[in-house]
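Before any comments, here is the structure.
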Amino acid sequence: MILLVEDEAASRYGFARLLRGQGYEVIEAGDGNEAVALLDGLAIDLVITDMELPKINGLHLVSLIQARRPGIPIVLMSGYLSERAGKIILDGSADFFQKPVRPSALVRTVQRLLTKSKGQLTVVASSTHDLYRRNPRIRSLALC
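Numbering (numbering that gives the first Met the number 0), first residue to last: 0 to 143.
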């Protein structure tokens with residue numbers, strides 16, 4: 000399952016649609032706090048996050064993910080950093096894309112990272128509604 004963290008709804012929708020169209024299970028978060036809660040409650044195989052997020056920025060989120068779930072692949076995206084600057088800042092701890100992201104490049108990176116991390120994806124539910132119904136921690140997020 001891919002956790003997609005993007006505060007801009009239109010971008011989040013576009014990325015999620017692209018990945019679902021490739022057959023991936025995607026759960027979406029609109030800010031860093033929501034992402035951390037989902038990460039703690041679900042079997043996440045990969046995180047794709049924007050750098051500029053409300054509540055917890057993307058760089059802090061990367062460090063939280065690495066502390067809580069070492070080894071999980073991460074893709075960080077930013078419209079504010081150059082590709083070179085992003086790679087220097089992350090120092091190999093995550094893959095980096097400068098926005099706008101080419102869809103084909105994102106899909107290739109997702110395929111590479113998921114193949115590298117494990118041969119099989121974890122499918123927990125077939126829809127966001129199903130996730131809310133099955134997991135009380137996620138259900139409590141919807142009430143906030």
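Cβ coordinates follow ideal geometry from the N, Cα and C atoms, glycine included. In this text, all values refer to a predicted model and were calculated from it rather than measured experimentally.
Out of the options, point me to the one whose CA is closest to residue i's CA.
i: residue 62; options: 13, 92 and 102; result: 92
i: residue 31; options: 114, 2 and 98; result: 2
i: residue 99; options: 19, 54, 75 and 38; result: 75
With which residues is residue i paired in a DSSP beta bridge?
i: residue 65; result: According to DSSP, which records beta bridges pairwise, residue 65 is partnered with nothing at all.
i: residue 24; result: According to DSSP, residue 24 bridges with nothing at all.
i: residue 43; result: For residue 43, which the question treats as bridged, DSSP gives no partner whatsoever.
For residue i versus residue j, is the C-beta spacing smaller than 9 Å?
i: residue 51; j: residue 78; result: yes
i: residue 49; j: residue 82; result: no
i: residue 71; j: residue 105; result: no
i: residue 35; j: residue 60; result: yes
i: residue 43; j: residue 11; result: no
i: residue 73; j: residue 47; result: yes
i: residue 113; j: residue 97; result: no
i: residue 5; j: residue 14; result: yes
Step through the CB atoms of chain D and report whether any lies within less than 9 Å of the CB of residue i.
i: residue 55; result: In summary, chain D is missing from the structure at hand, where a single protein chain is found.
Any idea if residue i is buried or exposed, counting beta-carbon neighbours within 10 angstroms, 16 or more meaning buried?
i: residue 94; result: buried
i: residue 85; result: buried
> Which ranges would you report for the beta strand (DSSP E) in the region 92-121 if only whole runs of at least 3 residues count?
Replying inline: Runs of the beta strand (DSSP E) inside the region 92-121: 94-97.
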